[in-house]
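In UniProt numbering, the protein residues as written are 1 to 862.
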């Protein structure tokens, strides 16, 4: 039961203060990763007014899906969604149980879409709303109707999960979790659950376990009666087998028949369940007919075999149960959301002390304590204390990071020896852990080209198996009649067993899971070691990389530039404080490492801000603005055409990065900066060279600076270019790709965005700009050693995908030959054909699980 709130809760001054606080203290991983792709942030797209009008009517929906049993279910769901008018951009993932799509609000309504797809697929759906917080509450039977009304008023929506549990969604800027809990003494916080998607998977597991157990309970007596020569006469045992076989068949109705028939009727798709349905229907139907004829005195030579359909149903259910258990364990093993701490120590001003609370009860504006050697419950800013924090879950680097007042703490990281007092900036469920998990899940929703190949093969597989089973049936009818001399009834009965076996033993699930199972493990393993794979294609392309191109500043070097020389020109007619003020104002909001370093230096020196107009950033060159009618520019000396001045040449000859400032084309200031080369850079380049890869540096800096860095890390000067603008960087990458090279480009600045987008694999490192984050395929939260680690993971993953394809082909070839009777003395009886689910799928899952043992940052052989 859902009932949206009919009024806004943000109507008083206190609420406004909370919202203001939320805006002022909001901190996220936006400086490291990006949670969404917004065309407005990309330099590569400029939406028109028409596009904006369309976007206004466009809504994005994310649904949690329960009930998908195989990859064929994904195809069914996407087909159903594509058939809904106004729905587009459909994505669905079997492994994570997520579906998402956009719809035109002028054409369709969400309240109509969900019931329709639920009816046509048989799956259960629940919407995931990203802007709201969700909380599960236990409501005592004694709670009054008025108390429930207050709950509805406080929350945006309330959904009854079961008799005692309610799931509420609320706006945290309007009301806090503790306020909701305090609305009535009979309302309590439900026990903490797992990741919602894992919880759905586990609920499905419980349902499957009950269905399997019940089917087995009824099947065992049938098998005992059918295969034993006991004292029970056939007339009695056949009746028992009929009754129990019918009960097992009834269990199969919701498990197989419903989904298969809905898929055929609504989506025109013959899915995996249809093979099972045909097999068990033919076996059960023949047995019923044989039973009836026997009772009527016209017994067939091939008697009823209820054990075949019953055992087939039980074994298929058992196979799916085992595969589902392995899948849930695999997903939980790499679940980033599991890093969320369950408890938090709240500094309670009302008692002038602290109180341990469930982390879900934290609210905006809270201050919490992080004791020594404990997990940080959510993102926040340190207001008291010093420590060293292990951020290896985020960056993959095990060396603790020193933290003090004013520094940011990230959820899921582990505090060191000191106690920290922290002001909350982001709530659990909407913090850095959620951001990273969202990126991983988005990657799973994207399809690599090899997955399209698998889907295409699978689409032909099931119709092909049906045709093969009909051919097998026809061949065995002919063999039985012409070669063995059997009568018609016996020939048909025998042939049916071979056809059923072919249908039941064939399994496209291994093919369907070959790619996504590896991707979900690889993505989780990478995320836990500081590598966020945003596009699944990156894993497929990564193992083919031949050339790695690096930007210099912020990539090969740390990006933490330091001003070691500054000089102003009083002869230009401006006071020194005016030059300082204009320069600081011009560059203060620019995210280029050079601008940030100079702005920080000027701020420390006491430079004030002034008024500038028409500010414009020119990637690869600098920044331009207007001050009192004069054009002010800050950027590299080549852009300002003053690179030949002696003092500037001297700085460049010393290997410094130079920032110059000019007013009306007259130089007024020059700054010389130096940065440190990343400590791991030389070993990373050596590692890449040992793999047979060619490394390059493409930089906008001066040749002296770039060449010195290249020599220090071991990159040949012949593969180094300097003073390259963004378009030239893109052209450099294009040139390599035109010569049949597969290029990985690693950069961190806005001027790298087009090159990152152009490369076969675009990698962003560290605190990159919004534009680069949007175009990157992979985000490295740690250091440069993430590049070889990514290539290692890519190669290992592709090996397992290749194994899965080969195994799927070998299994189905030999299984169909054995089931179809191609080997005279050896065959797979139809009753045992259901084991094919386990035999085919388990090697695929186990192959993917071996990725859990891969140590990406160790010198392992590849």
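Quick reminder that beta carbons are idealized off the backbone N, C-alpha and C, glycines included.
Check	Outcome
When you compare the CB positions of residue 674 and residue 560, do they come within less than 8 angstroms of one another, or not?	no
Please state whether the Cβ-Cβ distance between residue 321 and residue 212 is less than 8 angstroms.	yes
Does the distance from the C-beta atom of residue 431 to that of residue 378 stay below 8 angstroms?	yes
Tell me the DSSP bridge mates of residue 170?	133
So residue 852 packs on residue 515, CB below 8 angstroms; how close in whole Å?	About 18 angstroms; that fails the 8 angstroms criterion.
May I ask which residues mark the beginning and end of the beta strand (DSSP E) holding residue 402?	401-403
Can you check DSSP and say which residues form a bridge with residue 188?	138
Residue ranges of each beta strand (DSSP E) run of no fewer than 3 residues wholly in the stretch 751-804, ordered along the chain?	761-765 and 778-780
Distance cutoff 8 angstroms, beta carbons only. Does residue 354 sit that close to anything in chain B?	Any reference to chain B falls outside this structure, which holds one protein chain only.
Does the Cβ of residue 110 have 16 or more other Cβ atoms within 10 Å, making it buried, or fewer, making it exposed?	exposed
Who are residue 344's beta bridge partners in DSSP?	357
Let me know if residue 740 comes out buried or exposed under the rule of 16 or more other beta-carbons within 10 Å of its beta-carbon.	exposed
Along the chain, which unbroken stretches of the alpha helix (DSSP H) at least 4 residues long are found entirely within the stretch 251-287?	258-262
Can the beta-carbon of residue 889 be found less than 8 angstroms from the beta-carbon of residue 688?	Because the chain is modelled from 1 through 862, residue 889 falls outside the range shown and cannot be assessed.
Within 10 Å of its beta-carbon, does residue 639 have 16 or more other beta-carbons around it, so buried, or fewer, so exposed?	buried
Given 8 angstroms as the limit, is there contact between the stretch 397-416 and the stretch 101-118, that is, 3 or more CB pairs closer than that?	no
In the stretch 607-686, which residue ranges form an unbroken alpha helix (DSSP H) of at least 4 residues, counting only runs that do not cross its ends?	646-653
Determine the direct distance from the alpha carbon of residue 827 to that of residue 63, and round the result to whole angstroms.	44 angstroms
Going by other Cβ atoms of all chains shown within 10 Å of its Cβ, with 16 needed for buried, is residue 233 buried or exposed?	exposed
What are the residues that DSSP puts in a beta bridge with residue 159?	167
For residue 253, is the classification buried or exposed, using 16 other Cβ atoms within 10 angstroms of its Cβ as the cut-off for buried?	exposed
Which first and last residues belong to the beta strand (DSSP E) in which residue 124 is found?	124-127
Let me know if residue 105 comes out buried or exposed under the rule of 16 or more other beta-carbons within 10 Å of its beta-carbon.	exposed
Which same chain residues end up closer than 6 angstroms to residue 601 when comparing Cβ atoms and leaving out the 5 residues on each side of it in sequence?	563
Does the count of Cβ pairs from the stretch 165-172 and the stretch 135-150 closer than 8 angstroms reach three?	yes
By a C-beta neighbour count over all protein chains shown, 10 Å radius and 16 as the cutoff for buried, is residue 227 buried or exposed?	exposed
Tell me, which residues are paired with residue 567 by DSSP?	670
State the start and end residues of the unbroken alpha helix (DSSP H) segment that holds residue 822.	No alpha helix (DSSP H) contains residue 822, which DSSP labels as neither H nor E.
Here's a check: name, in chain order, each residue in its chain whose Cβ is nearer than 6 angstroms to the Cβ of residue 855, leaving out the five neighbours to either side.	none
For residue 590, which of 479, 621 and 574 has the nearest alpha-carbon?	621
What are the boundary residues of the beta strand (DSSP E) that residue 422 is part of?	420-424
Let me check understanding here. Comparing Cα to Cα, which of 764, 288, 759 and 81 lies closest to residue 99?	81
Could you name each continuous beta strand (DSSP E) segment of 3 residues or more that falls completely within the stretch 534-595, going from the start of the chain to the end?	547-550 and 562-568
From residue 366 to residue 353, what does the alpha carbon distance come to, in whole angstroms?	13 angstroms
Going by DSSP in three states, residue 143 sits in which element: helix, strand or coil?	coil
Identify every residue that forms a DSSP beta bridge with residue 390.	414
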